[in-house]
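Protein chains in written order, with the numbering used here: chain A, 3 to 401; chain B, 4 to 223; chain C, 18 to 150.
This is the structure:
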């Protein structure tokens, strides 16, 4: 037998002996912790994704063929392959617009991703000479320039550096894997214009792609000169030219941020409701349990337990239930989010950047603080009553 | 003199009427003395015991334990007084059902500031009350008489100077009641003061002194 | 009796989930044109699921605690194999956004982990009961 039972041991035995009630209270806290953790992780990941996307977009204005805005948005934010084209001459025409500092173009191709998988992967071809959108990012990850038989791939394609891949029967080597961005680029293969030319000229591509040469592009990215208003330049382009759609990138993100705000509000309301409901439930069950145990507490006081010791026992009981429920809830929620992370980010219409270890730890601590706070609150009412009672009143209960 | 209760009164209010649960009570207890207090229900026996053990403060008079007035003690000191000096055997069932017999007996020690190993003393007490084979049993496996013995052993764990037993033989069969009274007598013969309250005539064979209470006062 | 019923119900439910879940609730990639690795993985999981259901039935029939303890050990190993089939022994598609990688295999991992944890818990419980006897 242990030499001396501590107040923790006493509290633990009390908690174990009321398995059903402990289980019910733990379940409420489990649901609360799991929901809080899930909401916080999702929201933080989305915020990180939007921030990352905003950094990565690079351009002030994006010009695409008219009526294809949503395809481009999906391609950028979720990596859903799109194949829209307009003539390359648009680059020169847009360069001439007053206020435009520089332009770079991208060509979107879609290809079968791998031998086994019957789904399309986005291929983006860019001109290394004038590109200011993806080149800086690619240079962060791979120091050298790409050759025409090399590709750089997003992190979610399951490919490794040095691996051999084939697109439209044309072989490439993976020169590098990019860091996670939280946007569609994570599911994208990047190739330079020479590499894209090899693909377009291949026999397989002729049967699949709608373009037969590299005189086409999918998107023009524009940087606006300092001192010029981006909206004014955008309006000028839209007024001057038909058959194209002009978008300010900050506004594109604005729509995404609006969607995220909606989701965030929903999560916050859900969390507040859950905290309130769980608190009410746990307070009620705890109060009933404490009430039923008044004689037990009276007996403790009778053989010389101080009120401080009694309060410690009760608070530790609440803490045990809270900590177990919280850790179980966070573990379950974390496991589900970890295992289904690809499904979650694939189904989000919003950029989604998974959290690093420190980020997760911060959220874990926040959840524990909230649930522990709730656990403490659940004992306050009972403790106040206990503090006011004397030993005789407690002993009389249950007589 | 172990305990001296001097002119102690306790007043309660019930439906706008004042009444005395205990009125001008005087009582002395020496080391090793066995006192039985008898009287009808509501005569104030339990209230007297609660005041002696410090659970209630008297409205007037004083209670001296080993020549110290216990009224001056704060909540913590009172808890320490109950833990170290008094062993209280409550009326009815008072064993903690979440803990084993051994843990129940040691519980007052666990709540104290002492750090030494109490295991041997607890085993010794278990043997004295004839319960050593039940050390790891839980209260729901015991009979009423067995639980009462555990309560008495628990009251003795911290070597108190005074044992207070409120109706120690209530709801027990004759055999168990005699066992309990014999044991309490042995305790008093070992030098510990014992005060019991009882409706059972058995006390007459064991008590050194019998006091009758009625309406909060001693009947001479 | 309660332990046997809970064991039986749990294993029958999880076994059925493993056996038919990948064809229904958490389907793998479509195989209309080509049979891929993930299809073979879930076929193997169907076999695992059937084994788990069978041990569920056995744990209801067998009264002997040592025998049920052995079944628990067996189920832990089976659960580990259920995880290894899609992650190592056979595998699935390379792309992480494919249904098998994003939905089916994670569901299998979670069900298998639940089976392993349940059986570890029951193992501890039965050992205690056997020790008390």
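Virtual Cβ for every residue (Gly too), placed ideally from N, Cα, C.
Can you give me, in chain order, the residues of the stretch 292-316 of chain A that have a beta carbon less than 9 angstroms from any beta carbon in chain B? 297, 298, 300, 301, 302, 303, 304, 305, 306, 307, 308, 309, 310, 311
Could you give the residue range of the beta strand (DSSP E) that holds residue 9 of chain B? 6-17
Per DSSP, residue 220 of chain B forms a beta bridge with which residues? B:217
Name, please, each residue of chain A whose Cβ falls closer than 7 angstroms to the Cβ of residue 102 of chain B. 15
Residue 23 of chain B, enclosing beta strand (DSSP E) - first and last residue: 20-32
What residues from the stretch 335-348 of chain A come within 9 angstroms of chain C, judged by C-beta to C-beta, listed N to C? 337, 338, 340, 341, 342, 343, 344, 345, 346, 347, 348
contact_flag[the stretch 21-31 of chain A, the stretch 303-318 of chain A] where n(CB pairs < 8 angstroms) is 3 or more: no
So which residues of chain A does residue 113 of chain C contact, with C-beta pairs closer than 8 angstroms? 158, 159, 160, 344
Would you grab the beta carbon distance between residue 266 of chain A and residue 45 of chain A for me? Rounded to a whole angstrom, and I think it's under 8 angstroms. 5 angstroms
Assuming residue 111 of chain A and residue 127 of chain A are in contact, meaning their beta carbons sit under 8 angstroms apart, how far apart are those beta carbons, in whole angstroms? 7 angstroms
Counted within 10 angstroms of its Cβ, other Cβ atoms place residue 138 of chain A as buried (16 or more) or exposed: exposed
Environment of residue 87 of chain A [buried if 16+ CB atoms lie within 10 Å]: buried
Can you tell me whether residue 105 of chain C is buried or exposed, with buried defined as 16 or more other CB within 10 angstroms of its CB? exposed
Does residue 393 of chain A get closer than 7 angstroms to chain B when you measure Cβ to Cβ? yes
Residue nearest to residue 202 of chain B in terms of C-alpha spacing, selected from B:190, B:154, B:216: B:216
Please return the same chain residues whose Cβ sits closer than 6 angstroms to the Cβ of residue 59 of chain B, not counting the five positions on each side in sequence. 53
Please compile the residues from chain B whose C-beta is within a distance smaller than 8 angstroms of the C-beta of residue 19 of chain A. 100, 101
Is it buried or exposed for residue 162 of chain A, if we count other Cβ within 10 angstroms and need 16 for buried? exposed
Check the Cβ-Cβ distances between residue 2 of chain A and every residue of chain B, and say whether any is below 7 angstroms. No answer is possible for residue 2 of chain A: it lies beyond the span of chain A, which begins at 3 and ends at 401.
The beta strand (DSSP E) with residue 67 of chain B in it runs from where to where? 63-68
Any idea what DSSP makes of residue 44 of chain A, helix, strand or coil? helix
Inspect the CB distances between the stretch 89-104 of chain A and the stretch 146-162 of chain A and report whether three or more fall short of 8 angstroms. no
Is the stretch 270-282 of chain A touching the stretch 364-371 of chain A, taking contact as three or more C-beta pairs under 8 angstroms? no
Between which two residues does the beta strand (DSSP E) holding residue 90 of chain B run? 89-92
is_contact[residue 59 of chain B, chain A] using C-beta, thresh 7 angstroms: yes
Excluding the five sequence neighbours on either side, which residues of its own chain have a C-beta within less than 6 angstroms of the C-beta of residue 87 of chain B, listed in chain order? 161
Per DSSP, residue 2 of chain A is paired with what? Nothing about residue 2 of chain A can be reported from this structure: the residues present for chain A run from 3 to 401 only.
For residue 118 of chain C, go through chain A and note every residue whose CB falls closer than 7 angstroms to its CB, in chain order. 344
Does the stretch 127-138 of chain C touch the stretch 52-61 of chain C, meaning 3 or more C-beta pairs lie closer than 8 angstroms? no
Range covered by the beta strand (DSSP E) that runs through residue 132 of chain B: Run containing residue 132 of chain B: none; DSSP gives neither H nor E here.
Distance between residue 102 of chain A and residue 116 of chain A (C-alpha atoms, nearest Å): In this prediction, residue 116 of chain A has a pLDDT of 49, which is less than 50 and means its spatial position is unreliable; what the coordinates show is noted afterwards. So the two alpha carbons sit approximately 40 angstroms from each other.
7 angstroms Cβ cutoff met for residue 264 of chain A and residue 397 of chain A: no
Element boundaries [beta strand (DSSP E), containing residue 223 of chain A]: 221-226
Interface partners of residue 86 of chain B on chain A, CB under 7 angstroms: 305, 306
What are the residues in the stretch 116-143 of chain C lying within 7 angstroms of chain A by C-beta distance? 118, 119, 120, 123, 126, 127
Expressed to the nearest angstrom, what Euclidean distance is found between the alpha-carbon atoms of residue 91 of chain C and residue 276 of chain A? 40 angstroms
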